[in-house]
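See structure below.
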Amino acid sequence: MTAETQKLALHQYHHSVGPADAVTRHMLLIRNALLELGIESQIFASEIHPALRGLVHRFPNRNIWNADLLLIQHSMGNPQLQKVLEIEVPKAIVFHNVTPPEFFHHDPYLRHLAKMGLSQLAQFRQKTVAAFAVSNFNVQALMEYGIKAELFPLLDLHQPLTTGTGTDERPRPRPQLLFVGKLCAHKNQALLLRTLTVLRGSPETEAAELTLIGGEDPIYGKYLKSLCRALKLESFVHFAGKVSDFELAANYLEADYFVSPSLHEGFCIPLVEAMRFGVPVIALKRGAVAETLGQSGVLLNGNSERELAHAIRFLQQHAHLREQIVERQNARIAELKRFQNKGKLSALLLDVLERTRQPKQSKKAFDERTSESNLQT
Numbered sequence: 000m001t002a003e004t005q006k007l008a009l010h011q012y013h014h015s016v017g018p019a020d021a022v023t024r025h026m027l028l029i030r031n032a033l034l035e036l037g038i039e040s041q042i043f044a045s046e047i048h049p050a051l052r053g054l055v056h057r058f059p060n061r062n063i064w065n066a067d068l069l070l071i072q073h074s075m076g077n078p079q080l081q082k083v084l085e086i087e088v089p090k091a092i093v094f095h096n097v098t099p100p101e102f103f104h105h106d107p108y109l110r111h112l113a114k115m116g117l118s119q120l121a122q123f124r125q126k127t128v129a130a131f132a133v134s135n136f137n138v139q140a141l142m143e144y145g146i147k148a149e150l151f152p153l154l155d156l157h158q159p160l161t162t163g164t165g166t167d168e169r170p171r172p173r174p175q176l177l178f179v180g181k182l183c184a185h186k187n188q189a190l191l192l193r194t195l196t197v198l199r200g201s202p203e204t205e206a207a208e209l210t211l212i213g214g215e216d217p218i219y220g221k222y223l224k225s226l227c228r229a230l231k232l233e234s235f236v237h238f239a240g241k242v243s244d245f246e247l248a249a250n251y252l253e254a255d256y257f258v259s260p261s262l263h264e265g266f267c268i269p270l271v272e273a274m275r276f277g278v279p280v281i282a283l284k285r286g287a288v289a290e291t292l293g294q295s296g297v298l299l300n301g302n303s304e305r306e307l308a309h310a311i312r313f314l315q316q317h318a319h320l321r322e323q324i325v326e327r328q329n330a331r332i333a334e335l336k337r338f339q340n341k342g343k344l345s346a347l348l349l350d351v352l353e354r355t356r357q358p359k360q361s362k363k364a365f366d367e368r369t370s371e372s373n374l375q376t
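What follows is the structure, encoded as structure tokens:
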């Protein structure tokens with residue numbers, strides 16, 4: 000065999016990719032780590048955002064067969080999963096969690112995809128040689144389907160923060176609240192609007208404002224904006240939509256509190272971002288939120304606007320407590336850095352390649368199967 004044919008190759012697949020998508024960013028981090036190791040790596044997807052054309056290859060594609068290992072990222076129902084699982088190379092799942100179907104009562108199609116995403120986990124048990132999850136919360140979720148998974152790095156916290164321009168002095172008499180996440184039912188942004196109404200009814204927080212960053216579920220987004228008008232908050236809530244990394248950094252620098260009302264999280268990268276920018280975090284204790292924050296931040300067991308508003312008002316009145324929270328958050332980032340980095344990711348990828356490597360299927364096999372499929376249709 001030539002040196003070229005012996006070169007390792009690890010490819011990735013996810014049903015859809017987009018520039019602001021957390022799974023896509025994870026795939027790009029993995030790809031860059033592999034390329035730095037001299038390992039061939041390509042990304043494949045069935046649905047590709049125009050901004051990523053040329054960087055991501057459309058599935059099906061014969062090059063996906065030229066792999067020592069195929070990482071299948073899973074976060075929602077995938078109508079083409081069966082075709083992916085039929086590829087005759089070793090495969091592993093990287094699980095990002097699937098949002099429970101009950102959060103999609105308003106959208107039958109998304110509810111269908113969520114149910115599909117969970118039911119498809121049984122197929123991975125039979126068709127993969129390894130399983131990974133991006134949090135212990137997700138490791139436990141896979142265990143319920145009989146899949147034993149290893150923890151997998153999601154971030155490279157050794158990368159420097161994106162710089163932004165914010166104010167040097169935060170307006171403490173007028174707290175700026177921030178949440179980053181798609182406008183959708185399980186992110187529960189409606190709670191933040193109701194919380195803002197309570198805050199603005201108190202003298203110490205009567206000038207509170209809220210910024211919401213992220214794309215939107217059209218139905219839930221429309222509901223939130225309607226609720227905002229009904230509560231007469233249009234002048235105090237900024238629906239920023241999707242923003243650049245620079246704009247995101249600027250918003251973290253401007254924020255007095257990062258407030259997470261989310262009812263389901265498989266990890267929650269924005270919590271980590273807020274901690275890195277030194278923003279005190281207040282969050283509902285749901286999903287992997289407690290795991291992500293560790294012993295830092297402020298965790299609330301309830302789902303009440305009055306409880307959330309009380310926590311914000313209390314911290315607004317006690318600067319030393321805000322400082323203590325930020326100190327604990329800094330310590331948590333130091334803990335996370337020991338695992339969430341490119342070095343750990345590279346070592347894990349090399350290890351799994353060594354464990355699963357077998358002779359690659361030729362592209363000729365792909366062509367033969369494609370021809371057979373065409374004859375049958």
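Counting along the sequence shown from 1, when you hit position 367 you're at 366 in numbering that gives the first Met the number 0, and nothing is skipped either side. Idealized CB from N, CA, C, for every residue including glycine.
Do you know how far the Cα of residue j is from the Cα of residue i?
{"i": "LEU182", "j": "ARG193", "result": "15 angstroms"}
{"i": "VAL16", "j": "PRO59", "result": "15 angstroms"}
{"i": "ILE92", "j": "ALA19", "result": "22 angstroms"}
{"i": "VAL22", "j": "ILE324", "result": "29 angstroms"}
{"i": "SER303", "j": "LEU109", "result": "27 angstroms"}
{"i": "LEU120", "j": "ASP155", "result": "27 angstroms"}
{"i": "LYS6", "j": "LEU69", "result": "15 angstroms"}
{"i": "PHE338", "j": "LEU34", "result": "20 angstroms"}
{"i": "GLU205", "j": "ARG173", "result": "7 angstroms"}
{"i": "VAL55", "j": "GLN158", "result": "23 angstroms"}
{"i": "LEU314", "j": "GLN175", "result": "13 angstroms"}
{"i": "ALA123", "j": "ALA184", "result": "What sits at residue 123 in the sequence shown is Phe, not Ala. So the alpha carbons of these two residues sit roughly 28 angstroms apart."}
{"i": "LEU223", "j": "GLN188", "result": "8 angstroms"}
{"i": "LEU28", "j": "ILE71", "result": "15 angstroms"}
{"i": "GLU253", "j": "GLU246", "result": "11 angstroms"}
{"i": "PRO89", "j": "GLU39", "result": "15 angstroms"}
{"i": "ARG199", "j": "LEU150", "result": "43 angstroms"}
{"i": "ILE268", "j": "GLU203", "result": "31 angstroms"}
{"i": "GLU326", "j": "HIS309", "result": "22 angstroms"}
{"i": "ALA239", "j": "VAL138", "result": "33 angstroms"}
{"i": "GLU215", "j": "PRO107", "result": "17 angstroms"}
{"i": "ILE86", "j": "VAL351", "result": "18 angstroms"}
{"i": "ALA318", "j": "ALA44", "result": "48 angstroms"}
{"i": "ARG57", "j": "PRO78", "result": "15 angstroms"}
{"i": "ARG169", "j": "VAL258", "result": "Per-residue confidence for ARG169 stands at a pLDDT of 49, beneath the threshold of 50, marking its modelled position as unreliable; no derived number is given."}
{"i": "LYS362", "j": "ARG228", "result": "Residue placement at LYS362 cannot be trusted, given a pLDDT of 46 that sits under 50; what the coordinates show is reported in the next sentence. Their backbone Cα atoms lie some 57 angstroms apart in a straight line."}
{"i": "LYS126", "j": "VAL83", "result": "10 angstroms"}
Using beta-carbon positions only, say whether residue i and residue j come within less than 9 angstroms of one another.
{"i": "HIS73", "j": "HIS111", "result": "no"}
{"i": "THR98", "j": "MET115", "result": "no"}
{"i": "LEU177", "j": "ALA273", "result": "yes"}
{"i": "LEU307", "j": "PHE131", "result": "no"}
{"i": "GLN81", "j": "ASN62", "result": "no"}
{"i": "GLY180", "j": "ILE212", "result": "yes"}
{"i": "LEU262", "j": "GLY286", "result": "yes"}
{"i": "PHE266", "j": "SER134", "result": "yes"}
{"i": "HIS25", "j": "LEU153", "result": "yes"}
{"i": "ARG354", "j": "VAL128", "result": "yes"}
{"i": "ALA32", "j": "LYS221", "result": "no"}
{"i": "GLU382", "j": "PHE102", "result": "The requested residue 382 does not occur in the structure, where the chain is confined to residues 0 to 376."}
Our contact map puts residue i next to residue j with C-beta atoms below 8 angstroms; I'd like the distance itself, whole angstroms only.
{"i": "LEU209", "j": "PHE235", "result": "7 angstroms"}
{"i": "LEU190", "j": "PRO260", "result": "4 angstroms"}
{"i": "VAL281", "j": "LEU299", "result": "Checking the sequence, you will find Ile at residue 281 rather than Val. Indeed they touch by this definition, with Cβ atoms about 7 angstroms apart."}
{"i": "TYR400", "j": "PHE276", "result": "Outside the displayed range of the chain (0 to 376) lies residue 400, so it cannot be described from this structure."}
{"i": "HIS104", "j": "ALA66", "result": "39 angstroms between Cβ atoms; not a contact."}
{"i": "PHE94", "j": "LEU141", "result": "6 angstroms"}
{"i": "GLY293", "j": "GLU334", "result": "6 angstroms"}
{"i": "LEU232", "j": "LEU283", "result": "The pair is not a contact, with the Cβ atoms about 21 angstroms apart (cut-off 8 angstroms)."}
{"i": "GLN328", "j": "GLY301", "result": "Incorrect: roughly 22 angstroms between the Cβ atoms, too far for contact."}
{"i": "THR162", "j": "ALA50", "result": "At roughly 22 angstroms, the Cβ-Cβ gap does not stay under 8 angstroms, so THR162 and ALA50 are not in contact."}
Among all the DSSP beta bridges, which residues are the ones paired with residue i?
{"i": "GLN11", "result": "ILE42 and LEU70"}
{"i": "VAL83", "result": "For VAL83, which the question treats as bridged, DSSP gives no partner whatsoever."}
{"i": "GLY240", "result": "ILE212"}
{"i": "VAL93", "result": "GLN72 and PHE131"}
{"i": "GLN175", "result": "GLU208"}
{"i": "LEU298", "result": "ALA282"}
{"i": "LEU182", "result": "GLU215"}
{"i": "ILE29", "result": "BP columns for ILE29 are empty, so no partner."}
{"i": "ARG57", "result": "ALA44"}
{"i": "VAL16", "result": "ILE47"}
Within the stretch 97-161, ranges of the beta strand (DSSP E) (whole runs, at least 3 residues): 129-132
Start-end ranges of the alpha helix (DSSP H) lying completely within the stretch 316-356, minimum 4 residues: The stretch 316-356 contains these whole alpha helix (DSSP H) runs: 318-336 and 341-355.
Ranges of the alpha helix (DSSP H) found wholly within the stretch 254-283, counting only runs of at least 4: 268-275
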